[in-house]
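*Asks:* The numbering used here puts the first residue of the sequence shown at 4, with every later residue one more than the last.
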Amino acid sequence: MTLELRSPVNERADIMVPDEVSSLATPFNGAVCSQDGDEYQVTNNIIDLLGEEPGFTSIAQSTNHWKLTAAIYEDIWRKRSLSLLSGEDFPIEKEHELLIEWTAPKEGGLYLDFGCSTALYGRALKAAQKKADIVALDFSSQMLEEARFKAEADETDLFLLRADGRNLPFFSKTFDGIVMGGTLNELTEELKVLYEAHRVIKEDGVFFMMHLIKADAWYGRLLQESVSLGGIRFWTVDESNKLFNQAGFRVEEQLTKGIVCFTKLRPK
Ligand SMILES: C[S@@+](CC[C@H](N)C(=O)[O-])C[C@H]1O[C@@H](n2cnc3c(N)ncnc32)[C@H](O)[C@@H]1O
């Protein structure tokens with residue numbers, strides 16, 4: 004399919020991205036532009052709407068832009084992290100099962116892996132529903148390069164998009180579903196990002212969220228307070244539900260395991 008983006012400089016202008024950009028077996032290099040003429044580079048299939056590196060407000064955010072973090076993130080940390088954080092055996096396959104069950108990607112649907120890092124969720128959605136289209140969005144070039152590498156190895160086609168979640172380059176009601184794994188805890192301006200998610204999801208769309216909540220035990224809280232200094236934030240389940248509500252979502256299902264919380268959200 005051709006992906007329609009909203010120009011970052013003129014919200015009435017669109018940018019049509021040809022299907023071949025998502026075909027990762029064939030490197031695509033060139034540019035895409037809006038009818039107003041604003042032009043954006045596509046390098047090795049990664050569509051870059053940002054150009055310059057954004058200013059970072061936290062250590063957590065800047066480390067995501069290091070090549071080393073991107074290279075080791077998924078295999079060394081991500082695939083083991085939920086077992087460590089939930090305090091029980093929680094293999095990545097179990098997380099994928101829940102992701103697919105709650106998101107139920109449909110034929111012809113369009114899904115956004117929001118703050119994708121290596122696009123673990125986006126790749127899982129595509130594996131479950133080959134006839135859906137996936138946009139994997141992050142503002143870190145290093146993460147997107149790693150996502151490209153892993154998706155090509157999996158023979159998974161995706162649109163890889165470098166953009167800022169605080170100003171999504173999509174028109175209203177574009178997506179059948181949005182998935183966000185762990186990104187909420189790292190956001191600055193989380194409410195702005197959630198409002199943007201609400202704007203671009205369809206009325207009957209589904210939003211799968213995995214985030215980390217405040218620990219109950221004092222030592223867990225102490226640890227969380229120290230990582231908060233690096234820009235990672237935690238809420239209680241009630242606090243994060245209030246946040247979802249404020250942004251226009253209602254909780255349809257929720258499951259917590261240790262400090263890991265999975266939520267299926269719907270626009271209200
Ligand atoms: C915890 S990681 C995401 C992990 C991934 N979703 C997963 O399930 O493995 C958070 C990611 O969000 C990205 N990110 C944070 N703030 C962002 C923003 N405003 N716009 C786009 N990406 C953002 C970071 O670059 C980082 O790659």
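Quick reminder that beta carbons are idealized off the backbone N, C-alpha and C, glycines included.
I'd like the span of the beta strand (DSSP E) that includes ARG165, first residue to last.
*Replies:* Counting from one through the sequence shown, the residue named residue 165 turns up at place 162. It spans 162-165 - the beta strand (DSSP E) in which ARG165 sits, taken as one unbroken run.
*Asks:* Kindly indicate the opening and closing residues of the alpha helix (DSSP H) around THR46.
*Replies:* Working through the sequence shown from its first residue, we reach residue 46 at position 43. Segment 42-46 is the beta strand (DSSP E) holding THR46; no alpha helix (DSSP H) there.
*Asks:* Does the count of Cβ pairs from the region 140-155 and the region 81-93 closer than 8 Å reach three?
*Replies:* no
*Asks:* Report the start-end ranges of each alpha helix (DSSP H) in the region 153-239 that is 4 residues or longer and not cut off at the edges.
*Replies:* 193-203 and 221-231
*Asks:* Tell me whether ASP51 sits in a helix, a strand or coil according to DSSP, three-state version.
*Replies:* Taking the first residue of the sequence shown as 1, we reach residue 51 at position 48. Reduced to three states, the DSSP call for ASP51 is strand.
*Asks:* Here's a check: name, in chain order, each residue in its chain whose Cβ is nearer than 7 Å to the Cβ of ASP179, leaving out the five neighbours to either side.
*Replies:* Here residue 179 refers to the residue found at position 176 when the sequence shown is read from its first residue. Once the five neighbours on either side are set aside, the close Cβ partners of ASP179 are LYS109, GLY112, LEU113, TYR114, LYS205 and GLY208.
*Asks:* With a 10 Å radius around its C-beta and 16 neighbouring C-beta atoms as the bar for buried, classify TRP105 as buried or exposed.
*Replies:* To locate residue 105, count along the sequence shown from 1; it is residue 102. Buried, since its Cβ has 16 or more Cβ neighbours within 10 Å.
*Asks:* Are the region 180-191 and the region 17-24 touching by the rule of at least three beta carbon pairs closer than 8 Å?
*Replies:* no
*Asks:* State the DSSP-derived secondary structure class of ASP22, mapped to helix, strand or coil.
*Replies:* Working through the sequence shown from its first residue, we reach residue 22 at position 19. Helix.
*Asks:* Can you check DSSP and say which residues form a bridge with ASP116?
*Replies:* Working through the sequence shown from its first residue, we reach residue 116 at position 113. Answer by DSSP bridge pairing, in chain order: ALA139 and VAL182.
*Asks:* Could you pull out every residue in the same chain whose Cβ sits closer than 7 Å to the Cβ of ARG151, ignoring the five residues on either side in sequence?
*Replies:* Locating residue 151 in the sequence shown gives position 148, where the first residue counts as 1. Result list for ARG151: LEU27, ASN47, ASN48, ILE49 and LEU163, in chain order.
*Asks:* Between ALA139 and ALA122, how many whole angstroms is the CB-CB distance? I'm expecting something under 8 Å.
*Replies:* Here residue 139 corresponds to residue number 136 of the sequence shown, with the count starting at 1. Here residue 122 corresponds to residue number 119 of the sequence shown, with the count starting at 1. ALA139 to ALA122, Cβ: 4 Å. Contact.
*Asks:* What residue from ALA107, PHE142, GLY118 and ASP141 has the CA that sits closest to LYS129's CA?
*Replies:* On the sequence shown, residue 129 is found 126 positions in, with the first residue counted as 1. Comparing Cα-Cα distances from LYS129 to each of ALA107, PHE142, GLY118 and ASP141, the minimum goes to ALA107.
*Asks:* Assuming ALA34 is part of the beta strand (DSSP E), what are its boundary residues?
*Replies:* Counting from 1 along the sequence shown, the entry for residue 34 is found at position 31. Counting along the chain, the beta strand (DSSP E) containing ALA34 begins and ends at 33-36.
*Asks:* According to DSSP, is GLU148 part of a helix, a strand, or is it coil?
*Replies:* Sequence index remark: in the sequence shown, residue 148 carries index 145 (1-based). DSSP places GLU148 in helix when its eight states are reduced to three.
*Asks:* Per the DSSP calculation, GLU7 is bridged to which residue(s)?
*Replies:* Position 4 of the sequence shown, counted from the first residue, corresponds to residue 7. Note: GLU7 sits in a beta bridge opposite MET19.
*Asks:* Using 8 Å as the cut-off, classify the Cβ of CYS119 as near or not near the heavy atoms of ligand 1, replying yes or no.
*Replies:* Start at 1 with the first residue of the sequence shown, and residue 119 comes out as number 116. Because some heavy atom of ligand 1 lies under 8 Å away, the Cβ of CYS119 counts as near it: yes.
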